[in-house]
Amino acid sequence: MKRNLLFLTLLVSVISSCKKEFLNQPPLDRITESDVWSDRDLMDTYIFKIYDNMPWDYLKDFGGGAGWGAHRDALTDLAMSTYSWTPAYNTIRPGNWGTSTNYWPLDWWGYYNIWKINYSIENIEPLGEDVLTKTERENRLGELYFLRAYCYFAMAKRYGGVPIILEAQDPDNTPEDEYFPSRDSEEAVYNQVIKDVQLAFDILPDRWSSQKGRAGKWAAKALESRASLYAATIAKYGTVQLNGVVGIPSGKAAEYFQISLDASNKIINEGGYVLFNQYPDPAENYSKLFTDETEDETIFMKVWLPYDKGHSYDLRNSPYSYRVDWGSSMSPTKGLMDSYEMLNSGLLPSEPNSGYDPNNPFDNRDPRFKGTLLTNNDIFQGSPIETWYGTVRNGEIDYNAGTGVGKDGMGVHPDATKTGVYVRKYLADGSSPLLIQQYYSGQDCILFRLGEIYLNAAEAAVELGLDGDARSYIEPIRTRAGLKQNLDLGTYSGTDLMNRIRNERKIELAFEDHRYWDVRRWRTAEVDLSVMTQGITSLRYLDNFGNETFTYEIIEPEPQKTNFFPRHYYIPIGQDRRNNNPKLIENPGY
């Protein structure tokens, strides 16, 4: 059972941390402001509620509730939304969105959090040792700098430049020109993020003792690694518009790449983390990385507690016959499958002499393929996945459920996979069907891990022309994955090496909420996210002795191609916010 969890409820947080008799205290709605900032446990509870409202949890996020029905990776080339009624399927993937539809799974305007963070900083900074020791005060300020940095990073990667507000505004006292500020430049926002995480790193603890889920100094350094990499690629591949409100001058790219590389190196060399490697089978090892909840590789996570405070990832993504309701919300694409190398050759399936066999399309692949995806006849929760859409007996095709279509097959139900494959990553497994209900999933959501840091370092190094260093960073990832050929990508250099490193990032971090943001910052989304989605269906053949064989064919399950237009590199500010503050100029193209 997990202990010392941060984010249960306001009441539970106070009870679990407070040594006083809580039931003798006044009700929470009568706690005064001075009570909060004169009591360590109460101020921690206030901070914990900020954690709980951060925009980072991709396991919980499901488009704002049942009315939306999609995870953000269903907006990418990794997967499509299985449910055809969702905005992800019929609005965002076709590219039909703008100022009136800048809702989740894209929008997040974080000034509610930022006000609470600034307010907390202003109240904690002057506290004396009668309330907090110097170390306790610095640790909490470090948390708040980290949280503020993440909020601004979350907005910068969506909108570009946003107003930088570093004080808790008061409508009664804040001058109007400050209360309704203009947008700062995108460069200034990223600089503020880097400044805040560097401040946080210097005063945060290495790790919080017995308090899993609380950001330590290496979480701050990991955000520095990621955010500066974003800034660097936007500077290199983006365009400065609106006098710098969006875009970063290209001359800044090398500086940001170096900041990212330095931060990554510090984590790799000094952080004390190692790549998770606990199981001899590399596919199982990769899968268990996301369910075993060790801290070998995980730098920072959102903690969940099954039953008491859980999420619903299993409910929404289990294969059709294993579901309680919903299920299989993301249908992985052939495009993702084609990104995994052939194990024996080290080549992608589309490359000459790769060894790819279209009659056995899921075999002899990078082990992360089976650690990430569930395909026909894979064993899951004690029984094989059955994805065939029909069964041929004596030359006749049976399309009937129960006799012809596999229990998880296309056509068995509208909620079954549309591409012939299911997501495995993060799903709880066992020896029999688990039938996990809503809010009963407890897998922690990994927000930063060492695997990403190696990939950040590799990308920054290759962009700086340090091909040899880039290879040294990518090799541990590929070795842990169980690959056999070209472990350091030594046959590639320059642009070819960069493209292979980007492909490594695509598969290593699949379904961890990276892909949508990566192709936007590389400015390749117009190509990568403007495609005709493909899947691979299976047809079963049964002979008179009950022996099974299968044939496979490529299908196009969506009625139209996905579209990503140049304006989508930045999400619209939105007319409602501009009506509230006319100084917020709109992003280009809206």
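Residue numbers for the sequence shown, in the working numbering: 757 to 1346. Beta carbons are placed, not taken as given, at the ideal position from N, Cα and C, and that holds for glycine.
Taking the beta carbon of residue i as the centre, do at least 16 other beta carbons fall within 10 Å, making it buried, or is it exposed?
| i | result |
| --- | --- |
| Phe818 | buried |
| Ala844 | buried |
| Leu779 | Only weak support exists for where Leu779 lies, its pLDDT of 30 falling under 50; the coordinates are left without a value. |
| Met1098 | buried |
| Ile1135 | exposed |
| Gln720 | There is no way to answer for residue 720, as the model of the chain reaches only from 757 to 1346. |
| Tyr1326 | buried |
| Tyr935 | exposed |
| Val1283 | exposed |
| Lys1181 | buried |
| Tyr1210 | buried |
| Pro1108 | exposed |
| Glu885 | exposed |
| Ser1085 | buried |
| Gln1199 | buried |
| Glu1011 | exposed |
| Pro1114 | exposed |
| Trp841 | exposed |
| Asp1081 | exposed |
| Met1288 | exposed |
| Ser1294 | buried |
| Thr1367 | Residue 1367 lies beyond the residue range present for the chain, which begins at 757 and ends at 1346; the question has no answer from this structure. |
| Thr1307 | exposed |
| Thr889 | exposed |
| Glu878 | exposed |
| Pro1338 | exposed |
Can you tell which of the options has the C-alpha that lies nearest to the C-alpha of residue i?
| i | options | result |
| --- | --- | --- |
| Ile1310 | Met1093, Gln1137, Met1254, Trp964 | Met1093 |
| Gly1151 | Gln948, Tyr1297, Gly1302 | Tyr1297 |
| Val996 | Leu985, Ala1009, Ser984 | Ala1009 |
| Thr801 | Lys872, His827, Thr847, Ala830 | Lys872 |
| Ala956 | Asp926, Trp974, Leu1220, Asn1033 | Trp974 |
| Ser1006 | Ser1016, Ala1019, Ala988 | Ala988 |
| Ser1188 | Val1168, Pro1140, Gly1162, Lys1163 | Pro1140 |
| Asp962 | Asp1081, Asp1332, Gly1162, Glu899 | Glu899 |
| Leu960 | Ala830, Thr891, Asp1052 | Thr891 |
| Gly1238 | Ser1068, Tyr1035, Ile1153 | Tyr1035 |
| Tyr1078 | Ser1106, Thr1143, Asp1037, Gly1345 | Thr1143 |
| Ile1341 | Pro937, Ile787, Glu1268, Glu881 | Pro937 |
| Val1148 | Asn1300, Gly1221, Ala912 | Asn1300 |
| Tyr906 | Arg982, Asn846, Arg939 | Arg982 |
| Val1002 | Gly917, Asn929, Glu1051, Ser1043 | Gly917 |
| Val949 | Asp1064, Ser984, Glu923 | Ser984 |
| Tyr1346 | Ser1068, Gly851, Ala830 | Gly851 |
| Pro1088 | Ala1266, Tyr875, Asn1303 | Ala1266 |
| Lys805 | Glu881, Asn869, Asn1116 | Asn869 |
| Asp1274 | Tyr1229, Ile990, Phe1046 | Ile990 |
| Glu1354 | Thr1159, Gly1207, Val1168 | Here the chain has residues from 757 to 1346 only, and residue 1354 is not among them. |
| Asn1335 | Val792, Ser856, Lys816, Ala830 | Ser856 |
| Asn1212 | Lys913, Leu1061, Lys1044, Glu980 | Glu980 |
| Leu1103 | Ala1019, Thr1247, Phe1056 | Thr1247 |
| Pro1075 | Val1177, Leu1031, Thr1047 | Val1177 |
| Leu834 | His1270, Glu1304, Trp793, Lys913 | His1270 |
Could you please give me the residues that DSSP links to residue i through a beta bridge?
| i | result |
| --- | --- |
| Arg1205 | Thr1054 |
| Tyr1178 | Leu1130 |
| Met1098 | Arg1121 |
| Phe1306 | Arg1296 |
| Gly1291 | Ile1311 |
| Ala835 | Pro1088 |
| Ser1197 | His1067 |
Taking residue i and residue j to be in contact with their CB atoms under 8 Å, please state how far apart those CB atoms are, rounded to whole angstroms.
| i | j | result |
| --- | --- | --- |
| Gly854 | Pro1322 | So it is not a contact: roughly 13 Å between Cβ atoms. |
| Ile1192 | Asp1070 | 4 Å |
| Gly1066 | Ser1197 | 5 Å |
| Thr1131 | Phe1118 | 4 Å |
| Ser1095 | Asn1242 | Not a contact, Cβ separation roughly 15 Å. |
| Lys1364 | Gly1291 | Because the chain is modelled from 757 through 1346, residue 1364 falls outside the range shown and cannot be assessed. |
| Gln1014 | Leu1220 | 7 Å |
| Pro1123 | Tyr993 | About 32 Å; that fails the 8 Å criterion. |
| Glu1268 | Tyr814 | 7 Å |
| Arg896 | Ile803 | 7 Å |
| Thr832 | Leu1285 | 6 Å |
| Asp952 | Pro919 | About 15 Å separates the two Cβ atoms, so there is no contact after all. |
| Val1360 | Gly969 | Look at the range of the chain in this structure, 757 to 1346, and you will see that residue 1360 is not part of it. |
What runs of the alpha helix (DSSP H), each 4 residues or longer, lie entirely inside the stretch 949-1016? Listed in chain order, the complete alpha helix (DSSP H) runs (minimum 4 residues) inside the stretch 949-1016 are 973-993.
Can you give, in chain order, each stretch of the beta strand (DSSP E) that sits fully within the stretch 1113-1174 and has at least 3 residues? Counting whole runs of 3 or more residues, the stretch 1113-1174 contains the beta strand (DSSP E) stretches 1144-1149, 1152-1154.
Only counting runs of 4 or more residues, tell me where the alpha helix (DSSP H) segments fall wholly within the stretch 1260-1285, in order along the chain. 1271-1277, 1281-1284
Where in the stretch 1015-1089 do unbroken runs of the beta strand (DSSP E), each at least 3 residues long, occur, reported from the N-terminal end onward? 1054-1058, 1086-1088
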